[in-house]
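A short write-up of the structure that comes next.
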Amino acid sequence: MLFFLSLWQGLAVYLHNNTLPTPLAVAHILWQEILSGQLPHHLGVTLRRLCISFSIAMLLGSAIGIVLGQHEKLNAFFDNWLVIFLNIPALVTIILCYVWFGLEESAAILAVVINKLPNVIVTFREGARALNQELLEMARCYRFGKYKTFLHVIFPQLHPFVMSATRSGLALVWKIILVVELLGRSDGMGYQLQLFFQLFDVASILAYTIAFVAVIQLLEWLVLKPLDNYGQRWRR
Amino acid sequence: MTDIHIDIKQKTYAAKGSAKAHLAIENFQLSLESHQFVCLVGSSGCGKTTLLNSIAGLDTDFVGEIIVGEQHIKPKIGYVFQNPRLLPWRTVRENIELALENVTQSSEIVDNLLQIMQLNTVQAVYPERLSLGMSRRVAIIRAFAINPDVLLMDEPFVSLDPPTARQVRSLLIQLWQQRPHTVLFVTHDLREAIALADKLVFLSPPPMQIISEIPVLIPRNQRDDESVIESFRQQLINEYPAINRLL
Numbered sequence: 003m004l005f006f007l008s009l010w011q012g013l014a015v016y017l018h019n020n021t022l023p024t025p026l027a028v029a030h031i032l033w034q035e036i037l038s039g040q041l042p043h044h045l046g047v048t049l050r051r052l053c054i055s056f057s058i059a060m061l062l063g064s065a066i067g068i069v070l071g072q073h074e075k076l077n078a079f080f081d082n083w084l085v086i087f088l089n090i091p092a093l094v095t096i097i098l099c100y101v102w103f104g105l106e107e108s109a110a111i112l113a114v115v116i117n118k119l120p121n122v123i124v125t126f127r128e129g130a131r132a133l134n135q136e137l138l139e140m141a142r143c144y145r146f147g148k149y150k151t152f153l154h155v156i157f158p159q160l161h162p163f164v165m166s167a168t169r170s171g172l173a174l175v176w177k178i179i180l181v182v183e184l185l186g187r188s189d190g191m192g193y194q195l196q197l198f199f200q201l202f203d204v205a206s207i208l209a210y211t212i213a214f215v216a217v218i219q220l221l222e223w224l225v226l227k228p229l230d231n232y233g234q235r236w237r238r
Numbered sequence: 052m053t054d055i056h057i058d059i060k061q062k063t064y065a066a067k068g069s070a071k072a073h074l075a076i077e078n079f080q081l082s083l084e085s086h087q088f089v090c091l092v093g094s095s096g097c098g099k100t101t102l103l104n105s106i107a108g109l110d111t112d113f114v115g116e117i118i119v120g121e122q123h124i125k126p127k128i129g130y131v132f133q134n135p136r137l138l139p140w141r142t143v144r145e146n147i148e149l150a151l152e153n154v155t156q157s158s159e160i161v162d163n164l165l166q167i168m169q170l171n172t173v174q175a176v177y178p179e180r181l182s183l184g185m186s187r188r189v190a191i192i193r194a195f196a197i198n199p200d201v202l203l204m205d206e207p208f209v210s211l212d213p214p215t216a217r218q219v220r221s222l223l224i225q226l227w228q229q230r231p232h233t234v235l236f237v238t239h240d241l242r243e244a245i246a247l248a249d250k251l252v253f254l255s256p257p258p259m260q261i262i263s264e265i266p267v268l269i270p271r272n273q274r275d276d277e278s279v280i281e282s283f284r285q286q287l288i289n290e291y292p293a294i295n296r297l298l
């Protein structure tokens with residue numbers, strides 16, 4: 003980290019150019035933006051969109067994925083559709099959503115969900131396919147019932163897939179949200195970045211990026227890592 | 052009353068991939084009286100596990116019918132599988148308690164069983180840290196703890212060391228006498244079968260059929276004596292040479 007910062011500093015001083023400000027200049031702008039309330043506002047808006055679209059995609063995707071993973075015929079039918087949706091460029095869905103449903107919040111969320119959903123479905127489908135049949139038989143024999151079976155037999159087996167879908171999902175969703183905001187929203191990080199781009203304000207772009215990366219890192223340390231450790235506690 | 056009536060006309064495993072269709076069981080009729088202890092003896096791969104799975108209701112894909120207990124009352128079935136089948140992400144105690152209908156009511160029973168099986172010190176341990184023998188004992192406790200009407204055991208003592216196996220065996224008999232239930236015990240160890248069973252059922256290689264049903268009339272209190280078991284075994288082999296080929 004220190005090495006990276008000093009390299010950045012050295013390069014910035016050497017180039018002495020507006021397109022690469024020094025770390026100190028970026029930190030200064032970051033601080034000012036936080037104080038002015040601009041950054042917290044736009045970051046908050048983007049995070050809200052991230053939470054909503056991420057939750058919808060995860061809930062819907064896990065349900066569909068588990069069903070497909072357990073029904074061979076359904077899966078054979080939808081497999082091609084999945085591949086198609088996996089490969090439609092994000093930009094296309096975003097533009098279509100805006101054109102068809104208007105420049106609205108719900109259209110923005112929908113566009114993100116459509117982009118994320120196929121990935122979640124595929125991840126959970128693989129998880130559901132790999133479920134241990136012997137343990138499911140045991141649960142059936144001892145009459146665990148649906149709720150107990152899901153909580154104690156199925157979910158622990160899906161846990162690694164949940165974590166992987168979460169991590170890759172957060173990364174993917176936030177990148178798509180920025181494009182969505184850039185194209186059709188009047189607030190959020192994507193909108194701000196577009197303004198800075200028009201002004202050639204690289205320092206502000208970097209400041210916003212750092213703020214977002216910090217939030218994602220905090221999420222990783224405070225939520226994902228502990229969840230990971232909890233899920234793995236039984237391993238030798 | 053939990054009598055068991057088995058009448059399997061045919062059980063076939065369908066062809067899959069390069070494997071051909073396989074006729075596992077054919078014309079198999081067996082009736083067990085309530086509270087009887089029956090040992091199924093046959094070579095490995097003869098279809099014993101398939102039979103137990105069918106009785107447990109895990110495999111319903113066969114021609115024929117199996118009636119366990121009275122109609123409309125689902126009997127409680129304790130099943131000790133060939134592998135322990137414990138949930139690796141739940142502790143020993145949780146694994147046992149998950150099978151119970153009422154955890155608080157049965158906690159004393161569980162404590163007692165853990166004590167007898169010498170597992171009370173590992174209650175909070177995850178199964179991956181246990182030896183195979185210990186895992187097997189946990190699986191046995193799980194089956195006992197639900198107070199089953201029918202107990203199905205699929206070579207449950209295979210990897211236990213002889214002293215532990217002897218101990219668990221006598222515990223099994225003790226528990227069975229305390230609260231009689233119908234036991235179907237699969238083994239290919241004839242001595243073990245003689246020591247435990249009211250009735251021995253010898254099974255042919257696939258398609259599995261019954262070769263002979265032989266009652267064991269040795270009184271329960273004499274079964275700890277290995278010479279008694281051994282002489283019964285010799286007598287069996289002399290009378291039924293076909294048995295020897297199975298073992």
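As you go down the protein sequences, you meet chains V and U in turn. Read the first sequence against this note's numbering and you will find it ends at 238, with the numbers running on by one and no gaps. Read the second sequence against this note's numbering and you will find it ends at 298, with the numbers running on by one and no gaps. Quick reminder that beta carbons are idealized off the backbone N, C-alpha and C, glycines included.
inquiry  = Just to make sure I have the definition right: I need the residues of chain U whose C-beta is within less than 7 Å of the C-beta of E139 of chain V. Which are they?
reply    = If you number the first sequence from 1, residue 139 of chain V lands on position 137. Per Cβ cutoff of 7 Å: L109.
query = Can you list the beta strand (DSSP E) stretches of 3 or more residues lying completely in the segment 192-232 of chain U, in chain order?
reply = Runs of the beta strand (DSSP E) lying entirely within the segment 192-232 of chain U, each at least 3 residues long, are 201-205 in chain order.
request  = Anything in the segment 150-179 of chain V with a Cβ closer than 9 Å to a Cβ of chain U? List those residues in chain order, please.
outcome  = K150, H154, V155, P158, Q159 and H161
ask   = Which residues in the same chain as C99 of chain V place their Cβ atom closer than 8 Å to its Cβ, once the five residues preceding and following it in sequence are excluded?
value = Numbered from its first residue, the first sequence carries residue 99 of chain V at position 97. The beta carbon of C99 of chain V lies closer than 8 Å to those of A109, A110, L112, A113 and I116 in the same chain, with the five residues before and after it left out.
message = Short of 8 Å in beta carbon distance, which residues of its chain neighbour E152 of chain U, apart from the five on each side in sequence? Order them along the chain.
response = The residue given as residue 152 of chain U occupies position 101 in the second sequence. Excluding sequence neighbours, E152 of chain U sits near I197.
request  = Would you mind listing the alpha helix (DSSP H) stretches within the segment 82-169 of chain U that are 4+ residues and don't spill past its ends, in chain order?
outcome  = Contiguous alpha helix (DSSP H) elements confined to the segment 82-169 of chain U occur at 99-107, 143-149 and 154-167, taking only those with 4 or more residues.
ask   = On the premise that L137 of chain U lies in contact with S210 of chain U, defined as a C-beta separation below 8 Å, what is that separation, rounded to the nearest angstrom?
value = Position 159 of the second sequence holds residue 210 of chain U. Position 86 of the second sequence holds residue 137 of chain U. Not quite, the Cβ-Cβ distance comes to about 14 Å (not below 8 Å), so this is no contact.
ask   = Near T2 of chain V, what residues of its chain come up, given a Cβ to Cβ distance below 7 Å and the 5 sequence neighbours on each side ignored?
value = The shown model of chain V, from 3 to 238, leaves out residue 2 of chain V, and the question about it has no answer.
ask   = Whose CA, out of U:P135, U:V89 and U:K71, lies closest to the CA of T238 of chain U?
value = Residue 238 of chain U sits at position 187 when you count from the first residue of the second sequence. Comparing Cα positions, the closest option is U:V89.
request  = Give every residue of the same chain whose Cβ lies closer than 8 Å to the Cβ of I117 of chain U, excluding the five residues on either side of it in the sequence, and list them in chain order.
outcome  = Within the second sequence, the letter at position 66 stands for residue 117 of chain U. Within the same chain, I117 of chain U has close Cβ partners I55, H56, I57, D58, I59, S105 and I106.
message = Looking at chain V, is there any beta carbon in it that lies within less than 8 Å of the beta carbon of E179 of chain U?
response = Counting from 1 along the second sequence, the entry for residue 179 of chain U is found at position 128. So yes, E179 of chain U belongs to the interface.
Identified DSSP bridge partners for M259 of chain U = By 1-based counting over the second sequence, the position of residue 259 of chain U is 208. M259 of chain U is bridged to U:I76.
task = Check the Cβ-Cβ distances between Y130 of chain U and every residue of chain V, and say whether any is below 8 Å.
result = For the purposes of this step, residue 130 of chain U is taken as the residue at position 79 of the second sequence. Y130 of chain U counts as touching chain V.
request  = Select from V:A213, V:L172 and V:G233 the residue whose C-alpha is nearest the C-alpha of R46 of chain V.
outcome  = Sequence index remark: in the first sequence, residue 46 of chain V carries index 44 (1-based). Note that residue 46 of chain V is Gly in the sequence shown here, rather than Arg. Cα-wise, what sits closest to G46 of chain V is V:A213.
task = Kindly say whether P257 of chain U, judged by its beta-carbon, lies nearer than 8 Å to any beta-carbon of chain V.
result = Locating residue 257 of chain U in the second sequence gives position 206, where the first residue counts as 1. With 8 Å as the cut-off, P257 of chain U does not count as an interface residue toward chain V.
key: A190 of chain U beta carbon less than 8 Å from that of V131 of chain U   = Taking the first residue of the second sequence as 1, we reach residue 131 of chain U at position 80. Taking the first residue of the second sequence as 1, we reach residue 190 of chain U at position 139. Their beta carbons are under 8 Å apart, which means V131 of chain U touches A190 of chain U by this criterion.
query = Cβ atoms of F253 of chain U and I294 of chain U: under 8 Å apart, would you say?
reply = Residue 294 of chain U sits at position 243 when you count from the first residue of the second sequence. Residue 253 of chain U sits at position 202 when you count from the first residue of the second sequence. Inclusion of I294 of chain U and F253 of chain U in the CB contact set at 8 Å is warranted, their separation being smaller than that value.
key: Per DSSP, cross-strand counterpart(s) of D58 of chain U   = For the purposes of this step, residue 58 of chain U is identified with residue 7 of the second sequence, where counting begins at 1. Looking at the DSSP assignment, D58 of chain U forms a beta bridge with U:Q80 and U:E116.
ask   = How about I127 of chain V and N82 of chain V: do their beta carbons lie closer than 8 Å?
value = Position 125 of the first sequence, counted from the start, is the residue given in the question as residue 127 of chain V. Position 80 of the first sequence, counted from the start, is the residue given in the question as residue 82 of chain V. As written in the sequence, residue 127 of chain V is Arg, which differs from the Ile given in the question. No. Outside cutoff.
message = Can you list, in chain order, the residues of its chain with a C-beta nearer than 6 Å to that of M259 of chain U? Leave out the 5 residues immediately preceding and following it.
response = Residue 259 of chain U sits at position 208 when you count from the first residue of the second sequence. I76, C97 and G98, listed in sequence order.
Short Cβ contact (8 Å threshold) for F208 of chain U with V219 of chain U = Residue numbering aside, residue 208 of chain U sits at position 157 when the second sequence is read from its first letter. Residue numbering aside, residue 219 of chain U sits at position 168 when the second sequence is read from its first letter. With contacts defined as CB atoms closer than 8 Å, F208 of chain U and V219 of chain U qualify as a contacting pair.
query = Taking just the CA atoms, how far does K127 of chain U sit from G251 of chain U?
reply = Position 200 of the second sequence, counted from the start, is the residue given in the question as residue 251 of chain U. Position 76 of the second sequence, counted from the start, is the residue given in the question as residue 127 of chain U. The question names Gly, but residue 251 of chain U is Leu in the sequence shown. Rounded to the nearest angstrom, the two C-alpha atoms are 23 Å apart.
Chain-ordered neighbours of E136 of chain V on chain U, where CB pairs are closer than 8 Å = Numbered from 1 along the first sequence, position 134 holds the residue referred to as residue 136 of chain V. In chain order: F132, N134 and R136.
Within chain U, partners of W236 of chain V - CB distance below 7 Å = Within the first sequence, numbered from 1, the residue matching residue 236 of chain V stands at position 234. Those are P139, W140, Y177 and E179, listed as they occur along chain U.
query = Is the Cβ of R142 of chain V closer than 8 Å to any Cβ of chain U?
reply = The count along the first sequence starts at 1 and reaches residue 142 of chain V at position 140. Closer than 8 Å: yes.
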